[in-house]
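Chains A and B, in that order, give the protein sequences.
Numbering follows our numbering, with no gaps: position 50 of the first sequence is 50.
Numbering follows our numbering, with no gaps: position 5 of the second sequence is 78.
Cβ coordinates follow ideal geometry from the N, Cα and C atoms, glycine included.
From a predicted model like this one, the values you see are computed outputs, not experimental measurements.
Below: one structure, written as structure tokens.
Number of protein chains: 2
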Amino acid sequence: MLQKKLGQRIAALRKKQGLTQEALAEVIGCSVEFISLVERGVNAPSVAGLQGFADALKVEVRDLFTFDGRKPR
Amino acid sequence: MLQKKLGQRIAALRKKQGLTQEALAEVIGCSVEFISLVERGVNAPSVAGLQGFADALKVEVRDLFTFDGRKPR
DNA sequence: GTCAAACCCGTAGTTTAGCTCCGTGGTCAT
DNA sequence: ATGACCACGGAGCTAAACTACGGGTTTGAC
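Shown next as structure tokens:
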């Protein structure tokens with residue numbers, strides 16, 4: 001449930017940056033397959049990995065957990 | 074680095090709730106030792122585990138990654 | 001000053017999942 | 001019909017998430 005939403009959030013942020021899965025993988029330094037797994041919610045990145053995703057997507061880590069219509073405080 | 078700050082954040086939230094490590098462990102359903110490891114930044118909870126921590130501490134997951142003086146948007 | 005609550009910390013162990021590589025096959029546009 | 005992008009399966013390695021046990025330190029109350 002959580003990792004599913006996290007994946008969707010990451011996919012959305014990636015597209016907003018105009019990046020392909022492969023490009024994102026290269027920036028982060030991980031495999032393309034892993035990006036796919038994460039975005040589909042099959043796997044979640046480790047906490048250490050979250051930092052890499054946040055950096056690559058140019059957001060704070062907490063923004064990765066800021067979903068849909070929820071207004072950030 | 075990240076897990077260190079995460080641990081401090083969790084410890085702070087726990088104390089704000091007036092909970093002991095043991096009490097928190099019982100609510101979450103994990104061992105007391107693990108709480109200790111997490112708060113000291115030795116280990117980080119898995120993404121699935123984060124939900125448990127957030128629930129027990131009565132915050133959103135993203136609030137676990139909202140640190141120090143950083144102003145939330 | 002002693003007793004206990006709360007916590008730190010080491011060691012050692014099991015199991016999960018984070019993460020990889022390789023390959024296939026589907027879709028869509030060009 | 002070729003290439004870019006992605007979903008998906010199988011198969012695997014390894015680090016780390018998580019546990020139990022045991023001892024040791026600080027703190028505060030009495």
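Given that a residue counts as buried once 16 or more other Cβ atoms are within 10 Å of its Cβ, and exposed if not, what is A/Ala48? An exposed status is given to A/Ala48, since fewer than 16 other beta-carbon atoms sit within 10 Å of its beta-carbon.
Considering only C-alpha positions, which residue in the set A/Val38, A/Gly29, A/Ser31 and A/Met1 is nearest to A/Ala12? The shortest C-alpha to C-alpha distance from A/Ala12 to any of A/Val38, A/Gly29, A/Ser31 and A/Met1 is the one to A/Val38.
Looking at C-beta atoms only, is the number of pairs between the stretch 51-61 of chain A and the stretch 93-112 of chain B that lie closer than 8 Å three or more? no
Proximity winner among A/Leu57, A/Arg62, A/Leu2 and A/Phe65, relative to A/Leu19 (alpha-carbon distances): A/Leu57
Which bits of chain A does B/Val105 rub up against, with CB to CB less than 9 Å? Simply none; closest approach about 20 Å.
Of all the CB atoms in chain A, is at least one closer than 8 Å to the CB of B/Arg82? no
Between which residues of its own chain and A/Leu43 is the CB-CB distance below 6 Å, once the five residues before and five after are set aside? A quick correction: the sequence has Asn, not Leu, at residue 43 of chain A. Leu37, listed in sequence order.
Taking Cβ-Cβ distances below 8 Å as the criterion, which residues of the stretch 107-134 of chain B are in contact with chain A? Ala117, Pro118, Ser119, Val120, Ala121, Leu123, Gln124, Glu133 and Val134
Rounded C-alpha distance that separates B/Pro145 from A/Lys16: The predicted position of B/Pro145 is uncertain, since its pLDDT is 44 and thus under 50; a value taken from the coordinates is nonetheless stated next. Between B/Pro145 and A/Lys16, the C-alpha separation is close to 21 Å.
Name the two residues that bound the continuous alpha helix (DSSP H) containing A/Gly7. Leu2 to Lys16
Answer with buried or exposed for A/Arg40, where buried requires no fewer than 16 other C-beta atoms within 10 angstroms of its C-beta. exposed
Can a CB atom of chain B be found closer than 8 Å to the CB of A/Ile6? Per the sequence shown, the amino acid found at residue 6 of chain A is Leu instead of Ile. So yes, A/Leu6 belongs to the interface.
Quick check: what's the CA-CA separation for A/Met1 versus A/Gln8? 11 Å
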